[in-house]
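From first to last, the protein sequence lines are chains A and B. Under my numbering, the first sequence is numbered contiguously, ending at residue 513. Under my numbering, the second sequence is numbered contiguously, ending at residue 120. Structure record follows, encoded as structure tokens.
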Amino acid sequence: AQKVTQAQTEISVVEKEDVTLDCVYETRDTTYYLFWYKQPPSGELVFLIRRNSFDEQNEISGRYSWNFQKSTSSFNFTITASQVVDSAVYFCALPDTGRRALTFGSGTRLQVQP
Amino acid sequence: DTEVTQTPKHLVMGMTNKKSLKCEQHMGHRAMYWYKQKAKKPPELMFVYSYEKLSINESVPSRFSPECPNSSLLNLHLHALQPEDSALYLCASSQETGFSGANVLTFGAGSRLTVL
Numbered sequence: 400a401q402k403v404t405q406a407q408t409e410i411s412v413v414e415k416e417d418v419t420l421d422c423v424y425e426t427r428d429t430t431y432y433l434f435w436y437k438q439p440p441s442g443e444l445v446f447l448i449r450r451n452s453f454d455e456q457n458e459i460s461g462r463y464s465w466n467f468q469k470s471t472s473s474f475n476f477t478i479t480a481s482q483v484v485d486s487a488v489y490f491c492a493l494p495d496t497g498r499r500a501l502t503f504g505s506g507t508r509l510q511v512q513p
Numbered sequence: 005d006t007e008v009t010q011t012p013k014h015l016v017m018g019m020t021n022k023k024s025l026k027c028e029q030h031m032g033h034r035a036m037y038w039y040k041q042k043a044k045k046p047p048e049l050m051f052v053y054s055y056e057k058l059s060i061n062e063s064v065p066s067r068f069s070p071e072c073p074n075s076s077l078l079n080l081h082l083h084a085l086q087p088e089d090s091a092l093y094l095c096a097s098s099q100e101t102g103f104s105g106a107n108v109l110t111f112g113a114g115s116r117l118t119v120l
């Protein structure tokens, strides 16, 4: 069975600090996808990134970057120079391929203080 | 603006009421989903429709009844709910319908349901 662990329940930083959100996963699949979603206070989950397990290159998108390490089953997410608008709950997710469902981690609540 | 629209945003109902949640998308997506999210918990899958046919039911109690009248619309009919059913109900859609695990879901803002 798929499992996603986000050990950090809540993180609070001051604006402009860098912050890393951890994600550790378990899967028996040899190929798989990993996702990060953001849930702001408004409620909708916003897709951030999808990563194929074949592609271990780190990815950068503006202030966001992702570090995928298959050897440690981790897919960590870093926000550089955090902003108040980054305040949200961030979910790491791994599809349960057989059921086409997303198995979400428990989420990390990020609060960025001005 | 979200491309998946859910109505109503808030709903309060008694245990004997019948109500419906509605979801609409115009992205041409052929898979649609209902998720339930309790406070401070991750979303949990309830139902999946693929090409307007129910393909997954996560053993959801029959007091929740999904309906997909066409490829753009998804309803969730509610009847005889319990207070523990109070939650945020999220609708999502995806372009992909296969089982590759690559589906990117586009979520709506949710309908916050309170059962008294």
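No residue lacks a Cβ here, since even glycine has one placed at the ideal position from N, Cα and C.
Show which residues of chain B have a CB atom less than 8 Å away from the CB atom of Arg449 of chain A. Locating residue 449 of chain A in the first sequence gives position 50, where the first residue counts as 1. Ala106, Val108, listed in chain order.
Tell me which residues share the same chain as Phe476 of chain A and place their Cβ nearer than 6 Å to its Cβ, disregarding the 5 neighbours each side in the sequence. Here residue 476 of chain A corresponds to residue number 77 of the first sequence, with the count starting at 1. For Phe476 of chain A, where only same-chain residues beyond five positions count, the Cβ hits under 6 Å are Leu420, Trp435, Trp465.
When Cβ atoms are compared, which residues of the region 81–94 of chain B fall closer than 9 Å to chain A? Within the region 81–94 of chain B, contact with chain A at the beta-carbon level (separation under 9 Å) is assigned to Leu92, Leu94.
Any idea what DSSP makes of Glu100 of chain B, helix, strand or coil? If you number the second sequence from 1, residue 100 of chain B lands on position 96. If DSSP states are grouped into helix, strand and coil, Glu100 of chain B belongs with coil.
Over what stretch of residues does the beta strand (DSSP E) that includes Glu409 of chain A continue unbroken? Taking the first sequence and counting its residues from 1, the one referred to as residue 409 of chain A is at position 10. Taken as a continuous stretch (DSSP letters only), the beta strand (DSSP E) holding Glu409 of chain A covers 409–413.
Is there at least one Cβ from chain A nearer than 8 Å to Gly112 of chain B's Cβ? Mapped onto the second sequence, residue 112 of chain B falls at position 108. Yes, Gly112 of chain B lies at the interface with chain A (some Cβ there is under 8 Å from its Cβ).
From this set, A:Pro513, A:Thr507, A:Val511, A:Gln512, which residue's C-alpha is nearest Ala406 of chain A's C-alpha? Numbered from 1 along the first sequence, position 7 holds the residue referred to as residue 406 of chain A. With respect to the C-alpha of Ala406 of chain A, the residue from A:Pro513, A:Thr507, A:Val511, A:Gln512 having the closest C-alpha is A:Thr507.
Checking contacts by CB at 8 Å: is Glu443 of chain A closer than that to chain B? Residue 443 of chain A sits at position 44 when you count from the first residue of the first sequence. At least one chain B Cβ lies under 8 Å of Glu443 of chain A.
Considering just the uninterrupted stretch of the beta strand (DSSP E) at Tyr431 of chain A, what are its terminal residues? On the first sequence, residue 431 of chain A is found 32 positions in, with the first residue counted as 1. In this chain, Tyr431 of chain A is not harboured by any beta strand (DSSP E), its DSSP state being neither H nor E.
What is the DSSP secondary structure of Phe503 of chain A, reduced to helix, strand or coil? Against the first sequence, residue 503 of chain A aligns to sequence position 104. Strand.
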